[in-house]
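Undergrad: Got a structure for you, written out below as structure tokens; questions coming shortly.
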Amino acid sequence: MLLTDQNGVVILTSNPEWRFRATRDLSEEEKKTITAIQPYPTHDPRPLRIDEHAWLTQTQAIEETGWNVNILAPRALIDRPVRTVLAIGGATLLVLMLLLGLMMQRRRHYLDRIAFEAKARRELEMRVIERTSDLEGLNSRLRQEVLEREQAQQELVQAQDELVQTSKLTALGTMSASISHELNQPLAAIRSYAENAEVLLDHQRTEEARGNLKLISELTGRMASIIAHLRAFARRDRHAPESVALQPALDDALALLA
Numbered sequence: 412m413l414l415t416d417q418n419g420v421v422i423l424t425s426n427p428e429w430r431f432r433a434t435r436d437l438s439e440e441e442k443k444t445i446t447a448i449q450p451y452p453t454h455d456p457r458p459l460r461i462d463e464h465a466w467l468t469q470t471q472a473i474e475e476t477g478w479n480v481n482i483l484a485p486r487a488l489i490d491r492p493v494r495t496v497l498a499i500g501g502a503t504l505l506v507l508m509l510l511l512g513l514m515m516q517r518r519r520h521y522l523d524r525i526a527f528e529a530k531a532r533r534e535l536e537m538r539v540i541e542r543t544s545d546l547e548g549l550n551s552r553l554r555q556e557v558l559e560r561e562q563a564q565q566e567l568v569q570a571q572d573e574l575v576q577t578s579k580l581t582a583l584g585t586m587s588a589s590i591s592h593e594l595n596q597p598l599a600a601i602r603s604y605a606e607n608a609e610v611l612l613d614h615q616r617t618e619e620a621r622g623n624l625k626l627i628s629e630l631t632g633r634m635a636s637i638i639a640h641l642r643a644f645a646r647r648d649r650h651a652p653e654s655v656a657l658q659p660a661l662d663d664a665l666a667l668l669a
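The sequence shown begins at 412 in the working numbering and counts up one residue at a time.
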């Protein structure tokens, strides 16, 4: 019994010595194909010559695969009952067909499994792509929200600065009458001391005149201190918030109210 493929090479036989041998001459194209895909253990199958005078051959073609099933019987057995020979050949052919059907079924299951796995991989890749796109969109929205929050924070800080500055100017406007009084008193005193010092100098009372000048210097120092406190209070603070001593701030406030 022989099972040959489309190249005429024996792939299944009851005689191990005939396996992977060519029952006909192979063309150069067939040899190149065999070398390329390597369907057999050998690249150049040896020829198999069957003596037609010694063997009686019965061939059955399998159209789906291009294979051929060959039943060989010694011609010496021709004298035996034909029915026995045909029964044996038919049984053998049936077994071969069953084996071939099993092989084709396994091959079909294998191809179906490969197709299923390929489809599953494609679906997984599509889900990964969609998930990646969703994550990129989420990251973009988060970045935009962070930028908007930072901008809102900056606007809030700026508004707070403007409010503080407005409050300072409002407070200065409220205290303007008191500030004017605080400055007018030293100015009037300076004028009085200056006029008095002029009279004292005319009478050669230099020590008393020097005392008046000293008082004038103290009054101008007090006025300069008041103006410095006002300028410090009205100045727009550009520095970042930081810890400061509370006592100097209280002293400046008391100096403005003194």
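Don't be surprised by glycine CBs; every beta carbon is placed ideally from N, CA and C.
Where does residue 458 land, buried or exposed, given buried means 16+ other C-beta within 10 angstroms?
TA: Classification of residue 458: exposed, given that the 10 Å Cβ count is below 16.
Undergrad: My output table needs one value for residue 479: the three-state DSSP class, helix, strand or coil.
TA: It is a strand residue.
Undergrad: In the DSSP assignment, find the unbroken alpha helix (DSSP H) run with residue 445 in it and report its ends.
TA: From DSSP, the alpha helix (DSSP H) with residue 445 extends over 439 to 448.
Undergrad: Since residue 466 is in the beta strand (DSSP E), which residue starts that stretch and which ends it?
TA: Per DSSP, residue 466 belongs to the beta strand (DSSP E) from 466 to 473.
Undergrad: Between which two residues does the beta strand (DSSP E) harbouring residue 422 extend?
TA: Note, residue 422: beta strand (DSSP E), 421 to 424.
Undergrad: Between which residues of its own chain and residue 505 is the CB-CB distance below 8 Å, once the five residues before and five after are set aside?
TA: Contacts found: none.
Undergrad: Per DSSP, residue 485 forms a beta bridge with which residues?
TA: Its beta-bridge partners are 466.
Undergrad: To which residues does DSSP link residue 433 through a beta bridge?
TA: Paired residue(s): 420 and 458.
Undergrad: Candidates 469, 416, 474 and 476: which alpha carbon is nearest residue 483's?
TA: Comparing Cα positions, the closest option is 469.
Undergrad: Helix, strand or coil for residue 415? Go by DSSP, reduced to three states.
TA: Here residue 415 sits in strand by DSSP.
Undergrad: Look at the alpha carbon of residue 433 and the alpha carbon of residue 417, and state the distance between them as a whole number of angstroms.
TA: So the alpha carbons of these two residues sit roughly 11 Å apart.
Undergrad: Here's a check: name, in chain order, each residue in its chain whose Cβ is nearer than 7 Å to the Cβ of residue 503, leaving out the five neighbours to either side.
TA: Answer for residue 503: 412 and 482, listed in chain order.
Undergrad: From 486, 634, 513 and 421, pick the residue whose C-alpha is nearest to that of residue 595; which is it?
TA: Ranking 486, 634, 513 and 421 by Cα distance to residue 595 puts 634 first.
Undergrad: Report the CB separation of residue 415 from residue 479 in whole angstroms; it is logged as a contact under 8 Å.
TA: Going by Cβ atoms, the distance from residue 415 to residue 479 rounds to 5 Å, so yes, they are a contact pair.
Undergrad: Just verifying my parser: in three-state terms, what is the DSSP assignment at residue 517?
TA: If DSSP states are grouped into helix, strand and coil, residue 517 belongs with the helices.
Undergrad: Does the separation of the CB atoms of residue 608 and residue 620 fall below 8 Å?
TA: Result yes, Cβ atoms of residue 608 and residue 620 sit closer than 8 Å.
Undergrad: Can you give the beta carbon distance from residue 604 to residue 627, rounded, assuming they're within the 8 Å contact cut?
TA: Contact flag correct, Cβ pair sits at about 5 Å.
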